[in-house]
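What follows is a set of notes on a single structure, which appears directly below.
Protein chains: 2
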Amino acid sequence: MTTLVEDRRVRRSKALIVRAFADLAVEKDYGRLTVQDIIDRADVGRSTFYAHFRDKQAVLLSCFDEVETGLAVLADSPSSTNSAAANVVLNHAWEYQRVYRAVCASSASGLVQRHLRQLLLPFLDRSLPQDTRPGERVIAREFYVSALIGLLTWWVTTGFRIDPDELAADFQLLAARGIPGLKA
Amino acid sequence: MTTLVEDRRVRRSKALIVRAFADLAVEKDYGRLTVQDIIDRADVGRSTFYAHFRDKQAVLLSCFDEVETGLAVLADSPSSTNSAAANVVLNHAWEYQRVYRAVCASSASGLVQRHLRQLLLPFLDRSLPQDTRPGERVIAREFYVSALIGLLTWWVTTGFRIDPDELAADFQLLAARGIPGLKA
DNA sequence: CCCATAGTCGAACGTAATGTTCGTTAACAC
DNA sequence: GTGTTAACGAACATTACGTTCGACTATGGG
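Residue numbers (my numbering), protein chains in the order written: chain A, 1 to 184; chain B, 185 to 368.
This is the structure in C-alpha cells:
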C-alpha cells in the first residue's frame, strides 16, 4: 500500500529545489538561470531534480500551486468573506513574500513588462494631474499604466477584434470614472 | 568614409532575423525558443546572427526599439496632440500588429502574467457587477485584473513598503471611482 | 567600370547545459 | 527487521551556445 502523503525525502528534495529556485529567481535573470544553478544551490543530485520537475519552468509553476492553494484557503476563511478581493490577495502576498518575490521578480514576466511600462509611462504622465500627493501619485501611476498594458496585451493576443479608438475610449472612461457598479 | 546608413545586407539580415523571431515568438514558448530556431527560420548563417545580436533577448529588445521610435514619431505628430495617451498607443499597436504580437505573445511576459491572471480573476469576479453588457464587462474585467497584478508586482518588487490593507484600500478606491483629476 | 571594403556563409570547434540511465547506498514506512 | 523507494553520482549522447576562420560576394565610392 502506498502512503497517503509523500515520502519525507521527496518533500525534502522538492522543498530544497523550490527554495533554491525562489532565491535564484530574485538574484539573477530568469532567462539565464539554469537547472544546473538550481541543483547546485539546492545541493541535490541531477537525477533527483528530473525525478520531480521537467525543467525550471515546472519549478516556477509549482510556485503558483503554492500560491493558489494558499489563496483558496484564505478566501474560504471566515475572516475574509467580507473583505474585498484585493484585500485577500495583498494580505496573502504579504504573508508569503518569498514566493511572491520569486514569481514577480522572475523576469519571465519582468522583461517585457518593464519595457512596456517604461515606454508608456511618459505618455500617461501627460494625462495625469500634477497636484496629487506624491504617495498617491505613484500608486495611481502604477495602477494606470498596468491597466493599459493589461488591456493592450489582452487586445493584441485576442486578435485586435475591437476598434482601437473605441477601446481607448472605454479605457479612458474606466480610468477616469472607475468601474461602474463596483463598490468602494 | 563610412556610409551614413547601414549596408543593405545588414538591413536585410537584421530584418530577416527580427521577422523570423516575431513569427516564432507567437508560435512557440519564448523559453524554449532557441537561437538555432531563429537562424533556421531566417535562413541566415550562424555567425551572421551573432554579428548583430548577442542572443535572442537582444532580438526581443530590438522589437521595442521599433515600437519606441514609432511611438515617438506618432506622439509628436500634430494629429495626436489632442488625443489621449491610450489613443496614441492603441492606434500604434493597431498599425504594427506584427511587432506587438511578438512582444505581447512572447511568453517572456506571458507565463507569469497568465497564471496570475487566472489566479486572480475568480476573486475579482465576486466584486464585479453582473448586470453590465457582455462586451463592457470583459473589458472591465481585464482592466481590473491588470491593474491589480501591476500594482501587486510593483509592491512586491519595491519591497512591500506599504501596509497591505492600505494598498488594497487605495486600489479599491481607484478601481471604483477612477483616478482623481483624470479627464475623461 | 573597377576596386577596396565589409558582410555573409559554412564549417569547425570548445564549452556548457540538457535530459537520461544505472548501479550503489541510505532512508523510509510498516 | 525487512522490503521498498528515493537520492546519489558518475557517465553518456545530445543539443545549443558562442566564437573563429578562410573563401566568397554584394555593396557603394570613386
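No residue lacks a Cβ here, since even glycine has one placed at the ideal position from N, Cα and C.
Problem - Expected contact under 8 Å - CB spacing of A/A20 and A/A42 to nearest Å - result: The Cβ separation is near 4 Å, so the contact holds.
Practice task
Could you tell me whether the Cβ of A/V156 comes closer than 9 Å to any Cβ of chain B?
Solution key: Yes, A/V156 lies at the interface with chain B (some Cβ there is under 9 Å from its Cβ).
Practice task
Return the CA-CA distance between B/R238 and A/V26, expressed in angstroms with no decimal places.
Solution key: Each residue's alpha carbon lies about 23 Å from the other.
Practice task
Leaving out five residues on either side along the sequence, give the residues of the same chain with a beta carbon under 7 Å from the beta carbon of A/A175.
Solution key: Excluding residues within five positions, the ones whose Cβ falls inside 7 Å are Y144, A147.
Handout entry: N-terminal and C-terminal residue of the alpha helix (DSSP H) that A/V263 is part of
Key = In this structure chain A extends from 1 to 184, so residue 263 of chain A is not present and cannot be described.
Practice task
Would you mind sorting B/A286 into buried or exposed? The rule is 16 or more other CB atoms within 10 Å of its CB.
Solution key: Buried is the call here.
Practice task
Could you name the residues of the same chain whose beta carbon sits closer than 6 Å to that of B/T232, not counting the 5 residues immediately before and after it, in chain order?
Solution key: For B/T232, the CB contacts under 6 Å within the same chain, skipping 5 residues up- and downstream, are S197 in chain order.
Exercise for the section: Check each residue of the stretch 199 to 218 of chain B: if its Cβ is closer than 7 Å to any Cβ of chain A, include it; give the result in chain order. Expected result: Listed by position, the residues of the stretch 199 to 218 of chain B near chain A (Cβ gap below 7 Å) are G215.
Exercise for the section: For my contact list, A/P122 and B/G365 are in at a C-beta cut-off of 8 Å; report their separation, rounded to the angstrom. Expected result: So it is not a contact: roughly 18 Å between Cβ atoms.
Practice task
Kindly list the residues whose CB is nearer than 6 Å to the CB of A/S106, restricted to its own chain and excluding five residues on each side of it in sequence; keep chain order.
Solution key: Cβ within range, chain order: A25, Y30.
Handout entry: Under 9 Å from the C-beta of B/Y280: neighbouring residues of chain A
Key = Within 9 Å Cβ-Cβ: nothing; B/Y280 doesn't reach chain A, min ~10 Å.
Handout entry: Pair within 9 Å by beta-carbon distance, A/V59 and A/Y96
Key = Going by C-beta atoms, A/V59 is not nearer than 9 Å to A/Y96.
Practice task
Kindly give me the distance between the Cβ atoms of B/L300 and B/I333, rounded to whole angstroms, as I take these residues to be in contact under 8 Å.
Solution key: Their Cβ separation, rounded to whole angstroms, is 5 Å, which keeps B/L300 and B/I333 in contact under 8 Å.
Handout entry: Where A/Q185 falls, given that 16 or more other Cβ within 10 Å makes a residue buried
Key = The requested residue 185 of chain A does not occur in the structure, where chain A is confined to residues 1 to 184.
Practice task
With B/L274 as the anchor, note down where its alpha helix (DSSP H) starts and where it stops.
Solution key: Per DSSP, the continuous alpha helix (DSSP H) segment holding B/L274 begins and ends at 269 to 279.
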